[in-house]
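Asks:
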Amino acid sequence: MAVRALLSLFIVFLAGVPLSAQTDELAAFSDPARIWGNGVERVIEEAYRLCFKTRIIGGRVMNLRMPFAENNERDMLSETGWEFLGGGKGNPDMLWPVIEGIIDSAAFAEYAGTLSDGREQVIIFDIPSQSWRSSRDLFDIARMKAGSYRGLPHRPYVLVTGRGIEETDVYNYLYCVGLAGMDCSGFVWHVLSYVGRQGGLDLGRTLSRVLGVPRGGDPSWYVGTSFFNSKSSQIITVKDQLGSLRPADIILFRGADGSMAHSAIIQSIDFTRGIIRYLQCTDEAPLYERGVHESFIYFDPSKPQSSLSDTGLTWTQKRYAPFPGEKDSPFSDDGERYRAFAELGGGRVVRLRALAPVIEKLNKQRAQR
0 MAVRALLSLF IVFLAGVPLS AQTDELAAFS DPARIWGNGV ERVIEEAYRL
50 CFKTRIIGGR VMNLRMPFAE NNERDMLSET GWEFLGGGKG NPDMLWPVIE
100 GIIDSAAFAE YAGTLSDGRE QVIIFDIPSQ SWRSSRDLFD IARMKAGSYR
150 GLPHRPYVLV TGRGIEETDV YNYLYCVGLA GMDCSGFVWH VLSYVGRQGG
200 LDLGRTLSRV LGVPRGGDPS WYVGTSFFNS KSSQIITVKD QLGSLRPADI
250 ILFRGADGSM AHSAIIQSID FTRGIIRYLQ CTDEAPLYER GVHESFIYFD
300 PSKPQSSLSD TGLTWTQKRY APFPGEKDSP FSDDGERYRA FAELGGGRVV
350 RLRALAPVIE KLNKQRAQR
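Here you go:
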């Protein structure tokens, strides 16, 4: 609320300022350096903000986030497979023009109109065919309200009020029909690559041989969570203590089979207030956070030797089913997920060796300003 109030006051202040000056003032107000300085924290924040777009849809101002998109995540019960645009490894420069085209299409306008017709209904998506239909059957609606979910992984059901399209409805369409977004490692690679570019390093070219990228290949297709968990000389294992963590470190979450199933990236660590801010892309999150979003860990600043696995830390990121009614995540929050499968090693933190000089350079720039 404090941020909204400050923004409102700022807008009132701009009311009497010429348009050209307003543009300059707004640019200064939104500059990440205001909060994060000019080091790597600012650069990571810039990469994060590239995953958001503001649009007016159905008469409402919406702050759209890049959807989550992982191949083979939901096709276990479908006879027909599908692939997300870029295999979930696309970057914002590639994905946003496609997403903008989807939102501006007649097909999307029909979808938005259906959700604004004033009638309660169930939207039934079919991901393999990239289609949807509306059911106003009273039994379908009653089952959804009673918690009797009839959807399948590749055919999600969503109950809507008919009172207008919401940001979550846009997400559902982009994910189920548009097949556009990023998976977790695709987002982490986007951020790491952006950091590299700001320091004059082409990370993809630098790591192409290590990744086994063929001539003319796109390195992003070869960077997955398995690479971050590999024994490559480019991967530096970070001691799992709060005092050892740094911005741009990668947090890895282990899966039941022993491999790493999810990755996120640390944006900042406040050792005075005891706050870690990390960024990730996942659909196991609160409805309005699915896709790219920020997450926080609160810790006792007087105990920098604490591990991320310590139960005394507070991980605020809750985990939910991607679509209401689906089977819940087995973990209540990210902390529980990080601590999971301790017998197999649990979570871990790593960093990229190639980015070390770039991060040092960026932080020196901050110190000099």
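Note that numbering that gives the first Met the number 0 numbers the sequence shown so that position 45 is 44, with each residue one more than the last.
Glycine included, each C-beta is placed from N, C-alpha and C at the ideal position.
1. I want to know whether the stretch 167-177 touches the stretch 133-145 - three or more CB-CB distances under 8 angstroms.
2. Alpha carbon to alpha carbon, how far is A106 from T79?
3. Would you tell me roughly how many angstroms separate the C-alpha atoms of S232 and L354, rounded to the nearest one?
4. What three-state label does DSSP hand T22 in the structure shown?
5. With a CB to CB cut of under 6 angstroms and the five nearest residues on each side skipped, what residues in its chain are close to Q197?
6. Span of the beta strand (DSSP E) holding H153?
7. Taking 8 angstroms as the threshold (C-beta atoms), are G161 and G117 in contact?
8. Using DSSP with H/G/I as helix, E/B as strand and the rest coil, what is V169?
9. According to the neighbour-count rule (16 or more other Cβ atoms, all chains shown, within 10 Å of its Cβ), is D282 buried or exposed?
10. What residue from D125, P66, R132, E342 has the CA that sits closest to Y110's CA?
11. Out of curiosity, what's the CA-to-CA distance linking K326 and K230?
12. From this set, P321, A247, W35, which residue's C-alpha is nearest D168's C-alpha?
13. Output the distance between the C-alpha atoms of G87 and M61, rounded to the nearest integer angstrom.
14. Whole angstroms are fine: how far does the CA of K52 sit from the CA of G58?
15. Leaving out the 5 sequence neighbours to the left and right, which residues in its chain are closer than 6 angstroms to G185 when beta-carbon positions are compared?
16. Name the DSSP beta bridge partners of C280, please?
17. Count the CB pairs spanning the stretch 118-132 and the stretch 212-226 that are closer than 8 angstroms, and state whether there are at least three.
18. In the DSSP assignment, the alpha helix (DSSP H) including A141 goes from what residue to what residue?
19. With distances taken Cα to Cα, identify the nearest neighbour of I275 among S294, Y287, F138.
20. Spatial neighbours of L63 within its chain, please: C-beta separation below 7 angstroms, excluding the five flanking residues on both sides.
21. Checking the sheet assignment: what are the DSSP bridge partners for D125?
22. Roughly how many angstroms lie between the CA atoms of E342 and I358, to the nearest whole one?
23. Where do the N-terminal and C-terminal ends of the alpha helix (DSSP H) with L202 fall, by residue?
24. Could you compute how far the alpha carbon of A108 sits from the alpha carbon of P356?
25. To test your reading of the DSSP string, which unbroken alpha helix (DSSP H) runs of 4 or more residues are found completely within the stretch 319-367?
26. Which residues share a DSSP beta bridge with Q304?
27. Note down the Cα distance separating F28 from L49, rounded to an integer number of angstroms.
28. Can you name the residues that DSSP bridges to E261?
29. In this structure, how does DSSP classify I275 when only helix, strand and coil are distinguished?
30. Based on Cα-Cα distance, which residue from F340, E82, E45 lies nearest to D256?
31. Taking the alpha-carbon positions, what's the Y277 to H292 distance?
32. Identify the continuous alpha helix (DSSP H) that holds V194 and give its terminal residues.
33. Can you give the Cα-Cα distance for R208 and F227, rounded to whole angstroms?
34. Given this structure, state the Cα-to-Cα distance separating R135 from G163, to the nearest angstrom.
Replies: Short version:
1. no
2. 22 angstroms
3. 13 angstroms
4. Low local confidence applies: a pLDDT of 48 at T22 is under 50, so the model's placement there is unreliable, with the coordinate-based value given in what follows. In the structure shown, T22 sits in a helix (DSSP, three-state: H, G or I).
5. V42
6. Careful: H153 lies outside any beta strand (DSSP E) and carries neither H nor E.
7. yes
8. helix
9. buried
10. R132
11. 34 angstroms
12. P321
13. 23 angstroms
14. 16 angstroms
15. G87, K88
16. V291
17. no
18. 137-144
19. S294
20. F51, K52, R54, E166, V169
21. S130
22. 34 angstroms
23. 202-210
24. 48 angstroms
25. 333-338, 355-367
26. None, per the DSSP bridge assignment.
27. Residue confidence for F28 is low, a pLDDT of 49 falling below 50, so the modelled location carries little weight; the figure read from the coordinates is stated next. In a straight line, the C-alpha of F28 is about 17 angstroms away from that of L49.
28. It is His, not Glu, that sits at residue 261 in the sequence shown. Bridge partners of H261: F252.
29. strand
30. F340
31. 9 angstroms
32. 183-197
33. 15 angstroms
34. 16 angstroms
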